[in-house]
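Visitor: Dumping the structure here so I can ask a few things about it.
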């Protein structure tokens, strides 16, 4: 676990709570995103997992089956990949996203199902429904940078230039990459450049 994640507040079971996770009383709502926290992370270039500064340069996020497949197809064909559709999913440090991909049940396994519905589903969140399956082939992806917009009701992100593509069927495949990243950074922050 990155030290910056280990320092995060914990839920009643002892699990660290990501920076953009809203709380209801003493209980974090893991399947939801806090608008204010997400906007703060976007504006201040803070990791959505550990809430510490992401250095200028690449950022990472975990993607599901559809985007992972599209990235793989573009890379195989030697084409650049750019998804112009905005997403609600905020970026983070490389180590933080590798870690998140392994510990979040929905991100880690292809047969995992979402346990909570989006509060007010729309075109961007319709896939966030109770029982939705992640599907095969997820990935931790590094991007050269990100763009964002803070609207009245959502924080939207777009990601530029794929710099690293780490696909997985089950995210425990990233354990060695996470260990190497933590050793390289002495476990401090999740930041770092792809190798």
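Numbering (the working numbering), first residue to last: 332 to 526.
Yeah, the Cβ is synthetic: ideal placement off N, Cα and C, and Gly gets one too.
1. Give me whichever residues DSSP pairs with residue 394 in a beta bridge.
2. Just to confirm, is the Cβ distance from residue 394 to residue 502 under 8 Å?
3. Please return the same chain residues whose Cβ sits closer than 8 Å to the Cβ of residue 341, not counting the five positions on each side in sequence.
4. Does DSSP put residue 405 in a helix, in a strand, or in coil?
5. Determine which residues share a DSSP beta bridge with residue 361 and list them.
6. Taking the alpha-carbon positions, what's the residue 372 to residue 410 distance?
7. Does the CB of residue 395 have a neighbour CB from chain C at under 8 Å?
8. So what does DSSP say about residue 424, is it helix, strand or coil?
9. Starting from the C-beta of residue 498, find all residues in its chain whose C-beta is less than 7 Å away, skip the five residues before and the five after it, and write them out in chain order.
Guide: On the basis of the supplied data:
1. DSSP output for residue 394 lists 470 as bridge partner(s).
2. no
3. By the criterion of a C-beta distance shorter than 8 Å, residue 341 is surrounded in its chain by 347, 348, once the five residues flanking it on both sides are discounted.
4. helix
5. Beta-bridge analysis with DSSP links residue 361 to no other residue.
6. 31 Å
7. Looking for chain C here will not work: only one protein chain is present.
8. coil
9. Contacts found: 399, 403, 468, 470.
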